[in-house]
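Taking it in order: structure first as structure tokens, then the write-up.
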Amino acid sequence: MQPTTPLSADDAHRHLLNRLKTLVDTGKPEITVEKGSLKLAGREARDVAAQFGTPLYVYSERILRTRCREIKNFIGYEPFMPNYSCKANTNVALLKIIRSEGFHADAMSPGEIFLLLTAGFRPEEIFFVSNYVDDEEMRFAIRAGVTISVDSLAQLERYGRLNPGGRVAVRINPGIGDGHHEKVITGGAHSKFGIFHTDVEHIFSIAKRYNLTITGLNQHIGSNYLTGTVYLESVKRLLSIAENFADLDFIDFGGGMGIPYKNDAARLNLATLGEQITEVLEKWTTRYGKRITAKIEPGRYVVAESGLLLITVHALKQNPGITFAGTDGGFNVLARPMMYGAYHEILNTREVDGTAGTPVTVCGNICESGDILGENRRLSDLREGDVLAVLDAGAYGFSMSSNYNSRLRPAEVLITEEGQLRLIRERDRLEDLLLHQIY
Ligand code: LLP
Numbered sequence: 094m095q096p097t098t099p100l101s102a103d104d105a106h107r108h109l110l111n112r113l114k115t116l117v118d119t120g121k122p123e124i125t126v127e128k129g130s131l132k133l134a135g136r137e138a139r140d141v142a143a144q145f146g147t148p149l150y151v152y153s154e155r156i157l158r159t160r161c162r163e164i165k166n167f168i169g170y171e172p173f174m175p176n177y178s179c180k181a182n183t184n185v186a187l188l189k190i191i192r193s194e195g196f197h198a199d200a201m202s203p204g205e206i207f208l209l210l211t212a213g214f215r216p217e218e219i220f221f222v223s224n225y226v227d228d229e230e231m232r233f234a235i236r237a238g239v240t241i242s243v244d245s246l247a248q249l250e251r252y253g254r255l256n257p258g259g260r261v262a263v264r265i266n267p268g269i270g271d272g273h274h275e276k277v278i279t280g281g282a283h284s285k286f287g288i289f290h291t292d293v294e295h296i297f298s299i300a301k302r303y304n305l306t307i308t309g310l311n312q313h314i315g316s317n318y319l320t321g322t323v324y325l326e327s328v329k330r331l332l333s334i335a336e337n338f339a340d341l342d343f344i345d346f347g348g349g350m351g352i353p354y355k356n357d358a359a360r361l362n363l364a365t366l367g368e369q370i371t372e373v374l375e376k377w378t379t380r381y382g383k384r385i386t387a388k389i390e391p392g393r394y395v396v397a398e399s400g401l402l403l404i405t406v407h408a409l410k411q412n413p414g415i416t417f418a419g420t421d422g423g424f425n426v427l428a429r430p431m432m433y434g435a436y437h438e439i440l441n442t443r444e445v446d447g448t449a450g451t452p453v454t455v456c457g458n459i460c461e462s463g464d465i466l467g468e469n470r471r472l473s474d475l476r477e478g479d480v481l482a483v484l485d486a487g488a489y490g491f492s493m494s495s496n497y498n499s500r501l502r503p504a505e506v507l508i509t510e511e512g513q514l515r516l517i518r519e520r521d522r523l524e525d526l527l528l529h530q531i532y
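Quick look at the structure:
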């Protein structure tokens, strides 16, 4: 769990200008701070909130494209293709932007395959990283014509039975993991994912029995790492395992590239990690005797910083020793703080610089005591009706939202490169709560 140190005014301002507003230099800033208040597409954040209602997810196309381009240039080795891991955010308007930046994508479910196809990804651009699927889901993916990865020996058997003679990838668990919370570490003996690296030999007999060609190896060791040490180690491990596979077309090292949610966290040095991976890959290629495609699967790095969540303060409450700012930003809207104790910067859009005043605990309106977005935050001169901005909410924000307490999921708005505000998802309606109910 990350500590919740209050930001100083300087830090908060630097944070805004350096991270969320990375693109102020372009001369076309979509997100700016003017006279202390946050502006979105040239308009006061509170006016945007009033137009679309809160809670509201707001994304910057320019920041999204910037992060896409960083990832596209991640390694010098060629061929290289990043798969956007769409579990982070499946808004179709955003998927289209990401595809236009030259990405392919990975999917975790038939639903994600469906959304990616809807966004224009071709089947051969989709990688289905399956996890404990049944015959029906496996058949769906086979029929869709996407590349499939299986993550256990039993699932390889299932694939072989359903599609003998097929071409398939296998997910390897390299025995090491990394990530911001134990719940998102996906490598190591306690992870449910992948074929454990010591079991690799069994893959060959199953493949032989069903006449399968193993065309790819993939892994994903966990999410939101800020130093690449363990990732690089896992890359080396996967490559050494790959030497035993004769027919590989690609190798996929997974996602997990982190972003500095906290102002004082150092940014992941993508360039250095990319250079290290390129060097390892070039040497490996010589040994393997064939140049195969290198892939990665980032989700968070691509979308997190492009999004912020606007919420409204509905009431302030003073209990002994603690002040609550009660908002409409419940954990049905943003689950990460409740689920992982995750930290998101929160700013008062009316007074971004301000840190005077009593520290508050920002909470949502859900009927559970754990519904806390952030503790001990200094939001200067906080008043009822203020609109707060929760930063870095573009990844695992809307995609993990729910209708818990029969609340309506929020709308989503895109600030386009031209500086227009475009609604890209309507807020749920009350009637949606009845969808598929039989009564
Ligand atoms: N590939 C696979 C197979 C994955 O399971 C994941 C994430 C990714 C790629 C993308 O990971 P990323 O680059 O976004 O870290 N809800 C959590 C994160 C869960 C990640 C699950 N798997 C959170 O909000 O922190």
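Sequential numbering of the sequence shown, starting at 94, is according to the numbering used here.
All residues carry an ideal CB built from backbone N, CA and C; glycine is no exception.
> Buried or exposed: where does P148 fall if 16 or more other Cβ atoms within 10 Å of its Cβ makes it buried?
Replying inline: Residue environment: P148 is assigned as buried (16 or more neighbouring CB atoms within 10 Å of its CB, all protein chains considered).
> Do N304 and F286 come within 7 Å of each other at the CB atom, strictly closer than that value?
Replying inline: Result no, Cβ atoms of F286 and N304 do not sit closer than 7 Å.
>> Going by DSSP in three states, K189 sits in which element: helix, strand or coil?
In response: Reduced to three states, the DSSP call for K189 is helix.
> Got a sec, what are the start and stop residues for the alpha helix (DSSP H) F233 sits in?
Replying inline: Residues 228 to 237.
> According to the neighbour-count rule (16 or more other Cβ atoms, all chains shown, within 10 Å of its Cβ), is T365 buried or exposed?
Replying inline: T365 comes out exposed.
>> Using a Cβ distance threshold of 8 Å, determine whether the segment 221 to 236 contacts the segment 253 to 264, with at least three qualifying pairs required.
In response: Touching, yes.
>> With a threshold of 6 Å on Cβ separation, who are the neighbours of I531 within its own chain once the five nearest residues in sequence on each side are excluded?
In response: Closer than 6 Å at the Cβ level, and outside the excluded window around I531, lies no residue.
> For the beta strand (DSSP E) that G309 lies in, which residues bound it at each end?
Replying inline: Start and end: 306 to 311.
> Would you report the Cα separation of A134 and K165, rounded to the nearest angstrom?
Replying inline: Rounded to the nearest angstrom, the two C-alpha atoms are 27 Å apart.
>> According to DSSP, simplified to helix, strand and coil, what is Q248?
In response: Helix at Q248.
> When we look at the beta-carbon of D479 and count the other beta-carbons within 10 Å, is it buried (16 or more) or exposed?
Replying inline: Here D479 is buried, its C-beta having at least 16 other C-beta atoms within 10 Å.
> Based on the DSSP secondary-structure assignment, which residues constitute the bridge partners of K410?
Replying inline: Paired residue(s): F417.
> Contact between the segment 413 to 429 and the segment 507 to 517: three or more CB pairs below 8 Å?
Replying inline: As far as the Cβ criterion goes, the segment 413 to 429 does not touch the segment 507 to 517, which means the pair count is below three.
> Does the beta carbon of S178 fall short of 6 Å from some heavy atom of ligand 1?
Replying inline: Yes, ligand 1 has a heavy atom inside 6 Å of this Cβ.
> Going along the chain, which residues of its own chain have a beta-carbon closer than 8 Å to the beta-carbon of E477, five neighbours each way excluded?
Replying inline: If the five residues before and after E477 are omitted, its C-beta is found closer than 8 Å to the C-beta atoms of V406, H407, A408, L409, all from its own chain and listed in chain order.
> How about T391: is its Cβ closer than 6 Å to a heavy atom in ligand 1?
Replying inline: With the sequence shown as reference, residue 391 is identified as Pro, and Thr is not the correct amino acid for it. Result yes, Cβ under 6 Å from ligand 1.
> Who are the Cβ neighbours of G213 in its own chain at under 7 Å, not counting the five residues just before and after it?
Replying inline: Cβ neighbours of G213 beyond the five flanking positions: K189, R192.
> Do L472 and N496 have their C-beta atoms within less than 7 Å of each other?
Replying inline: Result no, Cβ atoms of L472 and N496 do not sit closer than 7 Å.
>> Buried or exposed, going by whether 16 or more other CB atoms sit within 10 Å of the CB of D118?
In response: Low confidence applies to D118: its pLDDT is 46, below 50, so where it sits in the model is not reliable enough to give any reading.
> Assuming P203 and A234 make a contact with CB atoms under 8 Å, what is their CB distance in whole Å?
Replying inline: That pair is a contact at about 7 Å.
> With a Cβ-Cβ cutoff of 7 Å, do G348 and K180 count as a contact?
Replying inline: For the 7 Å CB-CB criterion, G348 and K180 do not form a contact.
> Taking only runs of the alpha helix (DSSP H) that begin and end inside the segment 283 to 336, which ones reach a length of at least 4 residues, in chain order?
Replying inline: Residue ranges of uninterrupted alpha helix (DSSP H) with 4 or more members, entirely inside the segment 283 to 336 and ordered along the chain, are 293 to 302, 322 to 335.
> With distances taken from CA atoms, which of M432, R443, A482 is nearest H455?
Replying inline: Looking at the sequence itself, residue 455 is Val, so the reference to His does not match. If we check each option's Cα against that of V455, A482 comes out closest.
>> Among L475, A237, M174, whose alpha-carbon lies nearest the alpha-carbon of F552?
In response: Outside the shown range of the chain (94 to 532) lies residue 552, about which nothing can therefore be said.
> Does DSSP put P391 in a helix, in a strand, or in coil?
Replying inline: Coil, per DSSP.
> What residues are listed by DSSP as bridge partners for R264?
Replying inline: When beta bridges are read from the DSSP output, R264 appears opposite N311.
>> Need the endpoints of the beta strand (DSSP E) that D199 sits in, please.
In response: Bounds of the beta strand (DSSP E) holding D199 are 197 to 200.
> What did DSSP end up calling K383 once you bin it into helix, strand or coil?
Replying inline: Correct three-state label for K383: coil.
> Counting along the chain, where does the alpha helix (DSSP H) carrying L208 start and finish?
Replying inline: L208 -> alpha helix (DSSP H) spans 203 to 211.
> By DSSP, does V426 sit in helix, in strand, or in coil?
Replying inline: Coil.
> Nearest to H273 by alpha carbon, out of L325, S316, R158?
Replying inline: It is S316 whose Cα lies nearest to the Cα of H273.
> So, using beta-carbon positions, are S399 and G321 closer together than 7 Å?
Replying inline: No, the pair does not count as a contact, with Cβ atoms beyond the cut-off.
> Buried or exposed: S245, going by 16 or more other Cβ atoms within 10 Å of its Cβ?
Replying inline: Residue burial is scored here from C-beta neighbours: S245 has at least 16 other C-beta atoms within 10 angstroms and is therefore classed as buried.
> My guess is that D485 and I404 are in contact by the Cβ rule of under 8 Å, so how many angstroms apart are they, rounded?
Replying inline: The Cβ separation is near 14 Å, so there is no contact.
> Cα separation between G457 and D464?
Replying inline: A straight-line Cα-Cα distance of about 6 Å links G457 and D464.
> Whole-angstrom Cβ separation of A504 and R522, contact assumed at under 8 Å?
Replying inline: Contact annotation, A504 with R522: C-beta distance approximately 11 Å; criterion of less than 8 Å not satisfied.
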